[in-house]
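Enquirer: Residues 26 to 421 in this note's numbering are what the sequence shown spells out, letter by letter.
For glycine and all other residues, C-beta sits at the position ideal for the given N, C-alpha and C.
On a predicted model such as this, the values are computed, not experimentally measured, just so you know.
Mind looking over this structure? Questions follow.
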Amino acid sequence: VFHVKHSRPGSLSFLTERLDDLERQGLRRRPPAAAPTDVLSFCSNDYLGLAARPASSAPSGSGASRLIAGERDEHRRLERAFAAYVGAEDALAFTSGYAANVGVISALAAPGDVIISDALNHASLIDGARLSRARVVVVPHLDLAALAGALREARPARTWVVLESYYSMDADGPDLVQVRELCDDAGAALVVDEAHALGVMGPGGRGRCAEAGVSADVLVGTLGKAFGGQGAFAAGPAVLREWLWNRARSFVFSTGLAPVSAASATRALEHVVEHPELPRRVLTLADRLRAGLIRNGAATIHCPPAASCPGDAPLLLGFGHVVPLVVGDPRRAVRLAALLSDRGVAVQPVRPPTVPSGTARLRLTVTARHSEANVDSAAAAFGDALSALRREEGRN
Ligand SMILES: Cc1ncc(COP(=O)(O)O)c(C=O)c1O
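As structure tokens, this is what we get:
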């Protein structure tokens, strides 16, 4: 038995007040109960339904940082396969997308440089930019005119444009051809995080850069979403890999990606390459879900302000396999998610700070595990839950 002899009771008690504060604002997060098996889940980033496949039989651990443990076949096979998939010369594997983004950006950008960052970039891109100590210019989401202005102002500093190819909270993304042209005109480098697009969008799931015929200077992809595993990679020219191997601190000072994860993701990629119908199916199902949600009371930006589309109707955003429904108030989003759960559909309420204040939403993700009937049931359950919410709010 272990007896605590030295403790300072109460030194963290202020955290209870802070948590109470979050509770009052409807922003406190608790681990959600695992969805029961009879519930239809629309919460997963396992877009191709590959996460439940058994892992490969490769070793479970790397044993040390790869700089110390030495090269392993599992890592190199993964890196070469993903580099070839996205049309890059080479790639370096990281233990997560978070580690990849933090490592890549802080290793590339330096004090005196300028990072132009989309306002809705993922936390890992923001944290990487902060760690780099470069000057960060945040431009409004997908605003090409603002990007052009920021590029002009950044001259003559070395400049990095950092964005995602598919924003998973808004289901939208940049015009990558125009972004590439602006970067080329300004001599800026383009870093694209394809976390949510890769495996689903573009030819054979090769991402939105491949779809646009654009080559990013650095392309980051995660293995924990469409590829159903864990880890990430940064792809680009061979010199990028060499630099990151030397200077990306989240790579250098961290145990290498588990060989079992590397081998499993390589197998998942082989499966995707052999089954190009898989990503197409997900996108078709998502279009079906969008149409069903509109039939069941969701508004769109094209929706006329009429009785058929009342102002309190959740607003359907974007395109592709992520289907966001903006509700506004975080408590209303949580309540709508609970009413959907009562009807056998698990969806994720997303609240600030993950999304801007006043734009709490439900985020539904379609995966290859869904059937057309599943998608139709979810849309019908949404209509039912929305009516129940309006009754509770006295709006009927
Ligand atoms: C855009 C984006 N980049 C990076 C990450 C981090 O990836 P990972 O979960 O592999 O750490 C995520 C999500 O988690 C993401 O949404």
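Assign Tyr191 to one of three DSSP states: helix, strand, or coil.
Expert: In the structure shown, Tyr191 sits in coil (DSSP, three-state: anything other than H, G, I, E or B).
Enquirer: Who are the Cβ neighbours of Pro286 in its own chain at under 6 Å, not counting the five residues just before and after it?
Expert: For the record, residue 286 in the displayed sequence is Ser; it is not Pro. Excluding positions up to five away in sequence, the list reads Gly254, Gln255 and Gly256.
Enquirer: Apart from the five residues on each side of it in sequence, which residues of its chain come closer than 7 Å, Cβ to Cβ, to Leu303?
Expert: Cβ within range, chain order: Leu73, Val297 and Ala393.
Enquirer: Go ahead and label His31 buried or exposed: buried means 16 or more other beta carbons lie within 10 angstroms of its beta carbon, across all protein chains shown.
Expert: Answer is exposed; the Cβ neighbour count stays below 16.
Enquirer: Take Ser289 as the anchor and find which of Glu104, Glu219, Val347 and Ala80 has the nearest alpha-carbon.
Expert: For the residues Glu104, Glu219, Val347 and Ala80, the minimum Cα distance to Ser289 belongs to Ala80.
Enquirer: Please check the pair Val307 and Val225, which I expect to be a contact at CB under 8 Å, by giving their CB distance rounded to whole angstroms.
Expert: Sure, about 6 Å apart at Cβ, within 8 Å.
Enquirer: Thinking just about the alpha-carbon of each residue, which of Leu411, Ala59 and Pro284 is nearest to the one in Gly336?
Expert: Nearest option by C-alpha distance: Leu411.
Enquirer: Measuring alpha carbon to alpha carbon, tell me which residue in Arg233, Pro199 and Phe27 is nearest Leu222.
Expert: In the sequence on display, residue 222 carries Ala and not Leu. Here the closest residue by C-alpha is Arg233.
Enquirer: With DSSP as the reference, please indicate the residues paired to Arg356 in a beta bridge.
Expert: Answer by DSSP bridge pairing: none, since Arg356 is not bridged.
Enquirer: Can Asn126 be considered in contact with ligand 1, in the sense that its beta carbon sits closer than 7 Å to one or more heavy atoms?
Expert: Within the cutoff, so yes.
Enquirer: Tell me the rounded alpha-carbon separation between Ala182 and Val64.
Expert: Roughly 53 Å separates the two Cα atoms.
Enquirer: Ignoring anything shorter than 3 residues or poking outside the segment 123-187, list the beta strand (DSSP E) runs there in chain order.
Expert: For the segment 123-187, whole beta strand (DSSP E) runs of length 3 or above, ordered along the chain, are 139-143 and 160-164.
Enquirer: The beta strand (DSSP E) spanning Phe119 covers which residue range?
Expert: Segment Asp115 to Phe119, the beta strand (DSSP E) holding Phe119.
Enquirer: So the candidates are Ala398, Gln373, Val380 and Ser402; which of them puts its Cα closest to the Cα of Asn70?
Expert: Here the closest residue by C-alpha is Gln373.
Enquirer: Of all the alpha helix (DSSP H) runs that stay within the bounds of the segment 229-307, which reach a length of 4 or more residues?
Expert: DSSP runs (the alpha helix (DSSP H)) wholly in the segment 229-307: 233-237, 263-272, 274-277 and 284-299.
Enquirer: So what does Pro324 bridge to, in DSSP terms?
Expert: Checking the sequence shown, residue 324 turns out to be Ala, not Pro. Paired residue(s): Leu340.
Enquirer: If Ile141 sits next to Leu167, beta carbons under 8 Å apart, how far is it from one beta carbon to the other, in whole angstroms?
Expert: So it is not a contact: roughly 13 Å between Cβ atoms.
Enquirer: In the DSSP assignment, the beta strand (DSSP E) including Gln373 goes from what residue to what residue?
Expert: It spans Gln373 to Val375 - the beta strand (DSSP E) in which Gln373 sits, taken as one unbroken run.
Enquirer: Taking the alpha carbon of Val264 as the point to measure from, which residue in His28, Ala116 and Gly227 has its own alpha carbon closest?
Expert: With distances taken between Cα atoms, Val264 lies closest to Ala116.
Enquirer: In terms of DSSP beta bridges, what is Thr384 paired with?
Expert: According to DSSP, Thr384 bridges with nothing at all.
Enquirer: Find out if the Cβ-Cβ distance for the pair Ala404, Arg320 is shorter than 8 Å.
Expert: Yes, they are a contact pair.
Enquirer: Can we count Thr247 as close to ligand 1, meaning its CB is less than 7 Å from some heavy atom?
Expert: Checking the Cβ of Thr247 against ligand 1 gives yes.
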